[in-house]
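Trainee: Once you've had a glance at the structure underneath, I'll fire off some questions.
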Amino acid sequence: MIRITAWRRHPLARYAVLILALALVGMVYAAFVQAGKPADAAMAAGKVDDVAEGKSLFVAHCASCHGLNAEGTNTAPTLIGVGAAAVDFQMSTGRMPAANPGPQAPRKPLAPWVNEDSIRQISAYVQSLGGGPQVPGAEQVDAKLGDAGRGGELFRANCIQCHNWAGAGGALTQGKYAPNLNSSSPTQIYEAMVTGPQAMPVFNDTTITPEEKRDMIAYIVQVREQKDPGGFGLGRIGPVTEGIVAWVVGMVALVLAAIWITAKKRQKS
1 MIRITAWRRH PLARYAVLIL ALALVGMVYA AFVQAGKPAD AAMAAGKVDD VAEGKSLFVA
61 HCASCHGLNA EGTNTAPTLI GVGAAAVDFQ MSTGRMPAAN PGPQAPRKPL APWVNEDSIR
121 QISAYVQSLG GGPQVPGAEQ VDAKLGDAGR GGELFRANCI QCHNWAGAGG ALTQGKYAPN
181 LNSSSPTQIY EAMVTGPQAM PVFNDTTITP EEKRDMIAYI VQVREQKDPG GFGLGRIGPV
241 TEGIVAWVVG MVALVLAAIW ITAKKRQKS
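Using the UniProt record's numbering, the first residue of the sequence shown is number 1, and each one after it goes up by one.
Listed below in structure tokens is the structure:
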């Protein structure tokens, strides 16, 4: 007792008690957080069973590249922390599961087993592994609620360098490219901004707010619904296609004119 009393009166005793208390609080908090992760992800996805079903689908169709626990392999990156939005984007556009390795996974038709339910379930499972951006709600991607004029300013400032002013896409380095946005749904556009697929940078809510993202979606939807009353759109790629058409049409016109002039001279002689 005398020894215990002496330790209690030691100058460092208060610090030892404080450290012990903080350690206990930390362990209790970590236990609650780990226990709540799958439930939180399942609630976000809509069903409590989605995480378990998603894990089964992941092991069957995705683990060969991403690892049994989504830790990543030499073939594919880890999925821990990428969030449900990344999974929903990659699978709903047909980019995943990937058919062949390459600089960039192209958009393609969905695999036979990929549907709304399987995408939701795998998204919930990946979300449970480490959080990350979640699939946006309907109001976040509703183009009718956005300001297309403001969205156009943001799009021209951040996106046209790769995607072209009309979202027609364009070539990048090392075999990569910025895809055409005409086939992308508002949800997929939002998910691409918050997850940064392929060579695209991540535009988090600090860089571009959710309201500004919705404005950009409104602009993209408005532009791709516009008609081309002045003639052919030529893919809306810009001066490259316009220059090629002008050159080809001009050269053909010059050749035909030369043939016509030569034929007239022969008739006179």
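Cβ atoms here follow ideal geometry from the backbone N, Cα and C, with glycine treated the same way.
Just so we're clear, the structure is a prediction, and the values are computed from it rather than from any experiment.
Give me the residue from P101, Q121, A85 with the minimum Cα distance to G131.
Mentor: Of the candidates P101, Q121, A85, the one whose C-alpha sits nearest the C-alpha of G131 is A85.
Trainee: Of the residues W165, D215, A76, A52, which one's Cα is nearest the Cα of Q198?
Mentor: When only C-alpha atoms are compared, the closest one is A76.
Trainee: Tell me the residue span of the alpha helix (DSSP H) that contains P186.
Mentor: First-last of the alpha helix (DSSP H) with P186: 186–195.
Trainee: Name the DSSP beta bridge partners of A178, please?
Mentor: Partner(s): G170.
Trainee: Within 10 angstroms of its Cβ, does K108 collect 16 or more other Cβ (buried), or is it exposed?
Mentor: Exposed is the call here.
Trainee: Could you name each continuous alpha helix (DSSP H) segment of 4 residues or more that falls completely within the UniProt domain "Cytochrome c" (49–130), going from the start of the chain to the end?
Mentor: Correct list: 50–61, 63–66, 84–92, 116–130.
Trainee: To the nearest angstrom, report how far apart F203 and H163 are at their CA atoms.
Mentor: If you take the alpha carbons of F203 and H163, they lie about 15 Å apart.
Trainee: Measuring only the C-alpha atoms, how far is G175 from V255?
Mentor: The straight-line gap from Cα to Cα measures roughly 37 Å.
Trainee: Using 8 Å as the threshold, is the C-beta distance between I220 and L172 below it?
Mentor: For I220 and L172, no; Cβs fall outside 8 Å.
Trainee: With a threshold of 8 Å on Cβ separation, who are the neighbours of A105 within its own chain once the five nearest residues in sequence on each side are excluded?
Mentor: For A105, where only same-chain residues beyond five positions count, the Cβ hits under 8 Å are Q90, R95, M96, A98, Q198.
Trainee: Am I right that D205 and R150 are in contact with their C-beta atoms under 8 Å? What's the rounded C-beta distance?
Mentor: Their Cβ separation, rounded to whole angstroms, is 17 Å, which puts D205 and R150 out of contact at 8 Å.
Trainee: What is the DSSP secondary structure of F203, counted as helix, strand or coil?
Mentor: DSSP places F203 in coil when its eight states are reduced to three.
Trainee: Roughly how many angstroms lie between the CA atoms of H61 and A218, to the nearest whole one?
Mentor: Those two C-alpha atoms are separated by around 35 Å.
Trainee: Measure from the alpha carbon of Q195 to the alpha carbon of each residue in Y125, Q134, Q161, P101, then state which is nearest.
Mentor: The residue you asked about is not Gln; residue 195 is Thr in the sequence shown. T195 has its Cα closest to that of Q134, out of Y125, Q134, Q161, P101.
Trainee: For a test of the three-state rule: what should DSSP assign to V135, helix, strand or coil?
Mentor: Coil, per DSSP.
Trainee: Could you tell me the distance, in whole angstroms, from the CA atom of E225 to the CA atom of I259?
Mentor: Cα to Cα, E225 sits roughly 43 Å from I259.
Trainee: When the distance is taken between beta carbons, is T73 closer than 8 Å to G67?
Mentor: The answer is yes: Cβ separation under 8 Å.
Trainee: Spell out a yes or no on whether the stretch 181–192 and the stretch 244–251 are touching, meaning 3 or more CB-CB pairs, one atom from each, closer than 8 Å.
Mentor: At 8 Å Cβ cutoff, the stretches do not touch.
Trainee: Any idea what DSSP makes of Q161, helix, strand or coil?
Mentor: Looking at Q161 - three-state DSSP - the assignment turns out to be helix.
Trainee: Would you grab the beta carbon distance between Y177 and G170 for me? Rounded to a whole angstrom, and I think it's under 8 Å.
Mentor: Yes, they are in contact, since the Cβ atoms of Y177 and G170 sit about 7 Å apart, within 8 Å.
Trainee: If I follow the unbroken alpha helix (DSSP H) through K213, where does it start and stop?
Mentor: From DSSP, the alpha helix (DSSP H) with K213 extends over 210–225.
Trainee: Run the CB neighbour count on P103, radius 10 Å, all protein chains shown included, and call it buried at 16 or more, exposed below.
Mentor: Looking at its Cβ environment, which holds fewer than 16 other Cβ atoms inside 10 Å, P103 is exposed.
Trainee: CB-CB under 7 Å to V141, same chain, minus the five flanking residues each way: which ones, in chain order?
Mentor: Here the set comprises P186, T187, Y190, R214, I217.
Trainee: Assign Q161 to buried or exposed, taking buried as 16 or more other Cβ atoms, counted over all protein chains shown, within 10 Å of its Cβ.
Mentor: Under this definition Q161 is an exposed residue.
Trainee: Considering Cα atoms alone, identify which of P101, A253, V87 is closest to N115.
Mentor: Taking only the C-alpha atoms, the option nearest N115 is V87.
Trainee: I believe A70 touches L79 by the beta-carbon criterion, under 8 Å. Please report the beta-carbon distance rounded to the nearest angstrom.
Mentor: Between L79 and A70 the Cβ distance is about 4 Å, and since that is below 8 Å, they are a contact.
Trainee: Nearest-angstrom Cα distance between E211 and R156?
Mentor: Distance between the alpha carbons of E211 and R156 is about 17 Å.
Trainee: For V223, collect the residues of the same chain with a Cβ closer than 7 Å to its Cβ; drop the 5 residues on either side in sequence, then sort them by chain order.
Mentor: Correct list, in chain order: A166, G167.
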